[in-house]
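In the numbering used here, the protein residues as written are 9 to 447. Just so it is clear, CB atoms sit at the ideal spot from N, CA and C, and this is done for glycine as well. Beneath this line is the structure, given in structure tokens, with notes to follow.
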Amino acid sequence: MMTVGPKRWIVASLGLLFLLSLIVVSYREIATERRPTERPRPVVAAADRVCVDCHGRVTPSIVHQWEDSRHATRGIGCAACHGAKQRDPDAFVHYGVRIAAIVSPLDCSRCHQREFREQTGSRHADALALMRENDGDVARFVGAEPLGCQGCHGARVIATGAGQLDPTTWPNGGIGRINPDGSKGSCSACHTRHDFSLALARAPEACAKCHQGDDHAPAMDVYQESKHGARFREMHDEMNLGSSTWIVGRDYYAAPTCATCHMSATPSQPVTHDVGTRLGWTLRPVVSVRQAGWEDKRDAMVDVCLQCHADQWVQNYFTQFDAFVEDYNGRFAMPARQIMEALRRKGALTPAPFDEPIEYTYFALWSQAGRRGRMGAAMMGPYFVQWRGAYEVARVFYSELLPEAERLRPGITAPFVTTGARVTRARRPAPAATLGERR
Ligand code: HEC
Ligand code: HEC
Ligand code: HEC
Ligand code: HEC
Ligand code: HEC
Ligand code: HEC
Ligand code: HEC
Ligand code: HEC
């Protein structure tokens, strides 16, 4: 029989052992959590040593962000991007080195030719020029530049010498910015400097700064409503956003983001920096028109959908979408445009845009409600299709535009207006391709 003494000792030392093991385990847990994610150390090239040392004090966050980037692990430092030639209009000598603050798409093209070519050929690069077309007149009347229109569309950046940039034109992160070296666009419109994180570029937030707001560019609003957006929010951690390759159906499958459908790779398509590559329509103008070569572009989009859906689901969805666009065009957009042209021809409107109420009515019809409805239909947002789209288009057309036009010139609307019945109906899909035979 054991005495109380040794028994107590055994219990006490067992307890102590248990406590010690707990401490060891929790210490190791903390250590692993604290250990930075496995990343090769930044490589600081000789030319960058002075920049990194001094900027580590004057702008420490920029240096930390750069250290987190893949560029840093590959030894691509401050001088590789900011280094400038004498003929660059924005160049200046900075602590003995000729640099420029702006790193334009042309600067990135030294190492990223393909992305540069695609981006420069896209409508993104022309967003400043195109702002002057279509609803562009609104810029001159209500535009709050440079922070408003140009914050998204881009400014023409003017270098005034010795590294000075005209403060009414820079900073600017617009997608169609015109740089002092003449190149168009800004790679950091989507890529965040200085980490240039792929995870962030692939997330819808990278596009949402500009593609947001249901009165002008409603893609993000629609996406948020859609089931795709809901799944992205809920399954964010399963999206594998930081992966080196990001092929839909292979590297991730939880949900598509903007990049998935418009830019990123599929098993048979590479990444593209021309966001127009997969679009069948252009949904922005008064009347939507098919893109040149639209069948191939549509096929490219369908190829994305087919990584997650079956052929009939996808083809039928596009049948519904095309019918919506045709109905909007035929029943509202074309008559509205004809009425406005007739009013102008007959001298009922001044030549200046946006100085008469009906011009705002017309704008609300096609640019706001009309764009909302069409984008809702393109990207699976039923609320934007119906209540913020089709219903608003019809309400503005029948209860505002027609009465206002009649007040200006009685009888002017009659030749253009049909009964109100649908002009186009959802057509039955073309005979389905043989099951199993993919387009
Ligand atoms: C001795 C400190 C020092 C060194 C070395 C240095 N910088 Fe700077 N840099 C600054 C300071 C301070 C500013 C803030 C602007 C100012 O007051 O001139 C600045 C500003 C800048 C800007 C912004 C210019 C603008 O117009 O907004 C860039 C880009 C830049 N530095 C890049 C570099 C690069 C690239 C190198 C290495 C080739 C470098 N710097 C070396 C201190 C330094
Ligand atoms: C991969 C290219 C790249 C590298 C590498 C790089 N930068 Fe930049 N940097 C940019 C871009 C792009 C901008 C934004 C310019 C614009 O929009 O006009 C920028 C802007 C800046 C600015 C001015 C904007 C601000 O926020 O004040 C400073 C300062 C700057 N960089 C410093 C540095 C320093 C220091 C390093 C090295 C640690 C560095 N950069 C490395 C691409 C780069
Ligand atoms: C001197 C060459 C050079 C310049 C200039 C340069 N890059 Fe890079 N960039 C690279 C290299 C090398 C890689 C790494 C490629 C790899 O490892 O697959 C890279 C990778 C990237 C990546 C992928 C990052 C990741 O996490 O995988 C992005 C995005 C990128 N660069 C954007 C830019 C942009 C935008 C500019 C201009 C502002 C720019 N780069 C300027 C050489 C350069
Ligand atoms: C409209 C937004 C957008 C703009 C503007 C943009 N990028 Fe990208 N970029 C992306 C997205 C999204 C990815 C990730 C694609 C993927 O891997 O799924 C990416 C990926 C990259 C990569 C990694 C390689 C690859 O193809 O996956 C490089 C390099 C790159 N971009 C360079 C650039 C350069 C250089 C510019 C300017 C000429 C630029 N990007 C402008 C959105 C953009
Ligand atoms: C929040 C960002 C943002 C602001 C601010 C903005 N736009 Fe836009 N704009 C866009 C986007 C994004 C598109 C593309 C259409 C879409 O996504 O719905 C667009 C499209 C356009 C188009 C159609 C271009 C075409 O190819 O048909 C014109 C014209 C236009 N905007 C003019 C303006 C004017 C003028 C202003 C200022 C009064 C302005 N925008 C302010 C983001 C913006
Ligand atoms: C800095 C603002 C900005 C950002 C960021 C941006 N866009 Fe755009 N985007 C625009 C503007 C402005 C237009 C209209 C261009 C025009 O005038 O035709 C546009 C047009 C488009 C178009 C229509 C292209 C065509 O050929 O008709 C698509 C698709 C698009 N953007 C997708 C994206 C995606 C996907 C992202 C994110 C990966 C993104 N955009 C990021 C501003 C932006
Ligand atoms: C599930 C795929 C999918 C997702 C996710 C998606 N889009 Fe789209 N998007 C489409 C399709 C399909 C169209 C219409 C294509 C056509 O015209 O044939 C479209 C059209 C557009 C247009 C209109 C271009 C024009 O003609 O004016 C813009 C802009 C756009 N998308 C931007 C975005 C942005 C920004 C996001 C993320 C917030 C996004 N898209 C998410 C599939 C998608
Ligand atoms: C990364 C996978 C993925 C891609 C790519 C994708 N989808 Fe989806 N889609 C889904 C998932 C997941 C759902 C939700 C399914 C459910 O209801 O559980 C969904 C739902 C839908 C719905 C039903 C929406 C609703 O409100 O019920 C439609 C329609 C649709 N997708 C069409 C498309 C089209 C068209 C494309 C290509 C332009 C596309 N999807 C691309 C994954 C994807």
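- Linking residue 238 to residue 48 through their CA atoms gives a straight-line distance of about 35 Å.
- Nearest to residue 158 by C-alpha distance, out of 185, 63 and 252, is 185.
- In this structure, residue 92 places its C-beta atom within 8 Å of the C-beta atom of residue 107.
- Look at the beta carbons and you see the region 210 to 228 touching the region 370 to 390: at least three pairs across the two are nearer than 8 Å.
- Boundaries of the alpha helix (DSSP H) around residue 381: 379 to 386.
- Inter-residue distance for residue 174 and residue 136 is about 18 Å (C-alpha atoms, whole angstroms).
- Set against 7 Å, the gap from the CB of residue 325 to the closest heavy atom of ligand 8 is smaller.
- At a cut-off of 7 Å, the beta-carbon of residue 216 counts as near ligand 7: some heavy atom of the ligand is closer than that.
- Looking at the backbone, the Cα of residue 81 and that of residue 205 are separated by about 13 Å.
- The Cβ-Cβ distance between residue 113 and residue 195 falls below 8 Å.
- In this structure, residue 84 lies away from residue 165, with their beta-carbon atoms at least 8 Å apart.
- If the five residues before and after residue 56 are omitted, its C-beta is found closer than 6 Å to the C-beta atoms of 85, 86 and 87, all from its own chain and listed in chain order.
- Looking at the DSSP output, residue 173 sits in a beta bridge with 167.
- Listed by position along the chain, the residues with Cβ atoms less than 6 Å from a non-hydrogen atom of ligand 3 are 78, 79, 82, 84, 88, 89, 111, 115, 116, 118, 119, 120, 195, 199, 204 and 206.
- Those residues whose C-beta sits under 6 Å from the nearest heavy atom of ligand 8 are, from N- to C-terminal order along the chain, 235, 236, 239, 256, 261, 263, 264, 268, 269, 309, 312, 313, 315, 316, 317, 322, 325 and 388.
- Taking 7 Å as the cut-off, the C-beta of residue 391 does not count as close to any heavy atom of ligand 1.
- Within the region 61 to 115, complete beta strand (DSSP E) segments of at least 3 residues are found at 100 to 102 and 105 to 107, given in chain order.
- Rounded to whole angstroms, the gap between the alpha carbons of residue 405 and residue 100 is 56 Å.
- Here the region 391 to 406 makes contact with the region 332 to 344; the two share three or more CB pairs at distances below 8 Å.
- Bounds of any alpha helix (DSSP H) do not take in residue 420, whose DSSP letter is neither H nor E.
- Distance from the CA atom of residue 387 to the CA atom of residue 122, rounded to whole angstroms, is 28 Å.
- With 16 or more other Cβ atoms from the protein chains shown falling within 10 Å of its own Cβ, residue 420 counts as buried.
- Here residue 202 has 70, 73, 74 and 77 as same chain residues with Cβ atoms under 7 Å from its own Cβ, once five neighbours each way along the sequence are excluded.
- Uninterrupted alpha helix (DSSP H) stretches at least 4 residues long and entirely within the region 344 to 372 occur at 365 to 371, given in chain order.
- Annotated as proximal: residue 286 and residue 308, with beta-carbon spacing under 8 Å.
- For residue 124, the uninterrupted alpha helix (DSSP H) run begins and ends at 121 to 128, by DSSP.
- A Cβ-Cβ distance of about 6 Å is found for the pair residue 154 and residue 176, placing them in contact under the 8 Å criterion.
- Between the alpha carbons of residue 274 and residue 234 lies a gap of roughly 22 Å.
- The beta carbon of residue 62 is closer than 8 Å to those of 103 in its chain, skipping five residues each way along the sequence.
- Taken atom to atom, the span from the alpha-carbon of residue 319 to that of residue 240 is near 23 Å.
- According to DSSP, residue 290 shares a beta bridge with 297.
- In terms of Cβ geometry, residue 209 and residue 219 do not form a close pair [threshold 8 Å].
- Secondary structure of residue 274 (DSSP, three-state): strand.
- By the beta-carbon neighbour count (other beta carbons within 10 angstroms, threshold 16), residue 317 is exposed.
- For the 8 Å CB-CB criterion, residue 392 and residue 403 do not form a contact.
- For residue 321, the enclosing alpha helix (DSSP H) has its first and last residue at 319 to 336.
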